[in-house]
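Peer 1: The structure is given below, and queries will be raised subsequently.
Number of protein chains: 2
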Amino acid sequence: MKTAQSTAEKSSSVGTRERIVRATSRLLQRQGYEGTGIKQISREAEATLGSVYHFFPGGKQELAAEAIRHGDQEFAVILRAGLGSSEDLAEAVTTCTTLLARELRASDWQDGCPITTTALETVGRAPVIEQAVAEAFAHWRAIVEERLRAAGIGGEDARELAGTVINTLEGAELSAQVARSEDPLHTAGRHLARLLATYRPSA
Amino acid sequence: MKTAQSTAEKSSSVGTRERIVRATSRLLQRQGYEGTGIKQISREAEATLGSVYHFFPGGKQELAAEAIRHGDQEFAVILRAGLGSSEDLAEAVTTCTTLLARELRASDWQDGCPITTTALETVGRAPVIEQAVAEAFAHWRAIVEERLRAAGIGGEDARELAGTVINTLEGAELSAQVARSEDPLHTAGRHLARLLATYRPSA
DNA sequence: CCTCCTCTAGAACGAACGCTCTATCCAGCG
DNA sequence: CGCTGGATAGAGCGTTCGTTCTAGAGGAGG
Chain A
2 MKTAQSTAEK SSSVGTRERI VRATSRLLQR QGYEGTGIKQ ISREAEATLG
52 SVYHFFPGGK QELAAEAIRH GDQEFAVILR AGLGSSEDLA EAVTTCTTLL
102 ARELRASDWQ DGCPITTTAL ETVGRAPVIE QAVAEAFAHW RAIVEERLRA
152 AGIGGEDARE LAGTVINTLE GAELSAQVAR SEDPLHTAGR HLARLLATYR
202 PSA
Chain B
2 MKTAQSTAEK SSSVGTRERI VRATSRLLQR QGYEGTGIKQ ISREAEATLG
52 SVYHFFPGGK QELAAEAIRH GDQEFAVILR AGLGSSEDLA EAVTTCTTLL
102 ARELRASDWQ DGCPITTTAL ETVGRAPVIE QAVAEAFAHW RAIVEERLRA
152 AGIGGEDARE LAGTVINTLE GAELSAQVAR SEDPLHTAGR HLARLLATYR
202 PSA
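Those protein sequences? They're chains A and B, same order as listed.
Per our numbering, the first sequence starts with residue 2, numbered consecutively.
Per our numbering, the second sequence starts with residue 2, numbered consecutively.
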């Protein structure tokens, strides 16, 4: 049991289950839930259908929920990297948008938020997925909120602003994908910095 | 030719083509592009498959593009209603979010932005749809921009802020759907009003 | 009357869907 | 050595997909 990857199976040294989750996460990000088939997943993950259903007996929904949690962590890494890049809050926020813009352009405007598409497709129709999505959003808000508090923004303000920061980033990323331009993200960064500045009279 | 609706065909007095577009628009809004089948559309529209392909020989993509344009107009109506509701800019913006929140709750958090889901699903894979989406976003930005100029915000600022207003509304609506709560929208309204206020020293 | 043309109607096609199922492989252990 | 059980492998199930195709309904113009 737990054979893991033994000795560099398949193309990389990562176990079958992990390969399946990663492939699913990337496919959901790019083509959404309905647009991604289990067979396509098993193909891209270099796993067989049998393996997919072995590790995820709950089928497509369970697999998608796990992939959403993976995307959650992925996005959190970027968020933390940006927010931790500077003592100055405004700079930290614009670094976030810059990081997102860079990744988006590098993927030819394909890799937006890892979970948004799936989230929208499954609203009110796949509870397991919905919960994973809700947890991801809460997780990201918590990361931002903590940074805002570190910058001296207090109580209710930090919580609410964290929500708006995440929402605006989401909207800007969507816009950037549609327009194939980094501009919406950069503009969002500047506007968010400006909004946050109104909560701290001066530097 | 142009029989239109003659004498109150089907359930309502609207012609077949229009019924198809409306049904498609609502289905795309709720289940996205891949999750919506042509046969389901023809069923809901009370039209036959033959009629669908008669009016939209370009198939699903052409039909979706037309539905996106329909959703564009629909959202524009709400936007104009909100923005035109008050002389005060801040109040006008929060009215927008209130209208969106009301509609969202009334549909049990199902009817978010009419085009976002389809937009994300088709990024980089369905040019006809992508263009309709891009035009819708540009349209909405133009509506907001005009209102901002009427409020005395000038030049580049109005253009950029209009983009951020739309983006933040989009993100907040997504969040509201996921969280099944009006809060993200109301918060977004307040934060947007606050951001805009920094461009006009006082009332 | 017949002709033409728009629109309606739905059977049928090959492909893909999610999922089930049986069979096999193989490391660990008694 | 055989046994056990996790993991792999993929054929095949019934269903639905987007699309094509032929046939007919119904009104307008000759």
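For each residue, glycine too, the CB sits at the ideal point set by N, CA and C.
This one's a predicted model, so the numbers in the text were calculated from it and none came from an experiment.
(1) At a CB-CB cut-off below 7 Å, which residues of chain A make contact with Val129/B?
(2) Going along the chain, which residues of the region 179-196 of chain A sit with their C-beta nearer than 7 Å to a C-beta in chain B?
(3) For the region 90-109 of chain A against the region 181-192 of chain A, do three or more pairs of beta-carbon atoms, one drawn from each stretch, fall closer than 8 Å, so that the two count as touching?
(4) Of all Cβ atoms in chain A, is any one closer than 9 Å to the Cβ of Gly51/B?
(5) Counting C-beta neighbours from all protein chains within 10 Å, is the total for Pro1/A 16 or more, i.e. buried, or is it exposed?
(6) How should His55/B be labelled, buried or exposed, when 16 other C-beta atoms within 10 angstroms of its C-beta is the threshold for buried?
(7) With C-beta atoms as the reference, is Val166/A less than 9 Å away from Val179/B?
(8) Which chain A residues are close to Ser176/B, counting only those with a beta carbon under 8 Å from its beta carbon?
(9) With a CB to CB cut of under 6 Å and the five nearest residues on each side skipped, what residues in its chain are close to Ala198/B?
(10) With the cut-off set at 9 Å, would you say Ile130/A and Thr117/A are in Cβ contact?
(11) Could you please give the first and the last residue of the uninterrupted alpha helix (DSSP H) stretch that includes Gln62/A?
(12) What does a CB cutoff of less than 6 Å around Ala24/B pick up in its chain, not counting 5 residues either side in sequence?
(13) By the 8 Å beta-carbon criterion, what residues does the region 97-120 of chain B contribute toward chain A?
(14) So is Val134/B in contact with chain A if we call contact Cβ pairs under 9 Å?
(15) In whole angstroms, give me the CA-to-CA distance for Lys61/B and Ile21/B.
(16) If distances are taken between C-alpha atoms only, which option among Leu162/B, Leu121/B, Ala48/B comes closest to Arg181/A?
(17) Hey, could you find the ends of the alpha helix (DSSP H) Arg201/B is sitting in?
(18) So that I know if they touch, is there some Cβ in chain A lying closer than 9 Å to that of Gln41/B?
(19) Measuring CB to CB, does Thr95/A end up less than 9 Å from Gly190/A?
(20) Assign Asp89/B to one of three DSSP states: helix, strand, or coil.
(21) Exposed or buried, what is Glu67/B when buried is set at 16 or more other beta-carbons lying within 10 Å of its beta-carbon?
(22) Tell me whether the region 79-88 of chain B and the region 141-151 of chain B touch, counting them as touching only if at least three CB pairs, one residue from each stretch, are closer than 8 Å.
(23) Closer than 9 Å by beta-carbon distance: list the chain A residues that pair up with Thr199/B, in chain order.
(24) How about Leu90/B and Ala194/B: do their beta carbons lie closer than 9 Å?
(25) Our contact map puts Thr169/A next to Thr169/B with C-beta atoms below 8 Å; I'd like the distance itself, whole angstroms only.
(26) Looking at the secondary structure, which residues open and close the alpha helix (DSSP H) in which Asp141/B lies?
(27) So, are the CB atoms of Arg31/A and Gln111/A less than 9 Å apart?
(28) Output the distance between the C-alpha atoms of Leu149/A and Glu88/A, rounded to the nearest integer angstrom.
(29) Return the CA-CA distance between Gly164/A and Lys40/A, expressed in angstroms with no decimal places.
(30) Could you work out which residue in Ile69/A, Thr17/A, Gly72/A, Tyr34/A is closest to Gly51/A when comparing CA atoms only?
(31) If the criterion is Cβ atoms closer than 9 Å, does the pair Gly72/B and Ala137/B meet it?
(32) With distances taken Cα to Cα, identify the nearest neighbour of Cys97/A among Ser86/A, Ala107/A, Arg106/A.
(33) Decide if Ala107/A is buried, meaning its Cβ has at least 16 other Cβ atoms within 10 Å, or exposed.
(34) Run down chain B in chain order and give the residues with a C-beta less than 9 Å from the C-beta of Glu35/A.
(35) When you compare each of Thr49/B, Gln74/B, Gln132/B to Ser26/B by their alpha carbons, which one comes out closest?
(36) Within 9 Å of any Cβ in chain B, is that where the Cβ of Glu67/A sits?
Peer 2: Result, derived from the coordinates:
(1) What Val129/B touches in chain A, judged by beta-carbon distance under 7 Å, is nothing: the nearest beta carbon there is about 14 Å away.
(2) Within the region 179-196 of chain A, the residues whose Cβ lies closer than 7 Å to some Cβ of chain B are Val179, Ala180, Pro185, Thr188, Ala189, His192, Arg195, Leu196, listed in chain order.
(3) Enough Cβ pairs lie closer than 8 Å, so yes.
(4) Gly51/B does not count as touching chain A.
(5) Look at the range of chain A in this structure, 2 to 204, and you will see that residue 1/A is not part of it.
(6) Counting every other CB atom within 10 Å of its CB across the protein chains shown gives His55/B a total below 16, marking it as exposed.
(7) Taking 9 Å as the Cβ cut-off, Val166/A and Val179/B do not qualify as a contacting pair.
(8) Those are Phe138, Gly164, Ile167, Asn168, Glu171, listed as they occur along chain A.
(9) Cβ neighbours of Ala198/B beyond the five flanking positions: none.
(10) Result no, Cβ atoms of Ile130/A and Thr117/A do not sit closer than 9 Å.
(11) Run containing Gln62/A: 60-84, per the alpha helix (DSSP H) assignment.
(12) Within the same chain, Ala24/B has close Cβ partners Ile42, Glu45, Ala46.
(13) Residues Asp109, Trp110, Gln111, Gly113, Thr117, Thr118, Ala120.
(14) Output row for Val134/B: interface = yes.
(15) Straight across, the Cα-Cα distance linking Lys61/B with Ile21/B is about 12 Å.
(16) The candidate whose alpha carbon is nearest that of Arg181/A is Leu121/B.
(17) From DSSP, Arg201/B is part of no alpha helix (DSSP H); its letter is neither H nor E.
(18) At a cut-off of 9 Å between C-beta atoms, Gln41/B does not count as an interface residue with respect to chain A.
(19) It is a contact, given that the beta carbons lie within the stated cut-off.
(20) If DSSP states are grouped into helix, strand and coil, Asp89/B belongs with coil.
(21) Flag for Glu67/B reads buried.
(22) At 8 Å Cβ cutoff, the stretches touch.
(23) What Thr199/B touches in chain A, judged by beta-carbon distance under 9 Å, is Arg195, Leu196, Ala198, Thr199, going in chain order.
(24) Cβ distance < 9 Å, so Leu90/B and Ala194/B count as in contact.
(25) The distance from the Cβ of Thr169/A to that of Thr169/B is about 5 Å, consistent with a contact at the 8 Å cut-off.
(26) Note that residue 141/B corresponds to Trp in the displayed sequence, not to Asp. For Trp141/B, the enclosing alpha helix (DSSP H) stretches over residues 128-151.
(27) With respect to the 9 Å criterion, Arg31/A and Gln111/A are classified as neighbours on the basis of their beta carbons.
(28) Cα to Cα, Leu149/A sits roughly 11 Å from Glu88/A.
(29) Gly164/A and Lys40/A: Cα-Cα distance of roughly 37 Å.
(30) Taking only the C-alpha atoms, the option nearest Gly51/A is Thr17/A.
(31) Gly72/B is a Cβ neighbour of Ala137/B, given a cutoff of 9 Å.
(32) It is Ser86/A.
(33) Label assigned to Ala107/A: exposed.
(34) Contact of Glu35/A with chain B by beta-carbon distance below 9 Å involves Gln32, Gly33, Tyr34, Glu35, Gly36, Thr37, Glu122.
(35) Among Thr49/B, Gln74/B, Gln132/B, the Cα nearest to that of Ser26/B is on Gln74/B.
(36) With 9 Å as the cut-off, Glu67/A does not count as an interface residue toward chain B.
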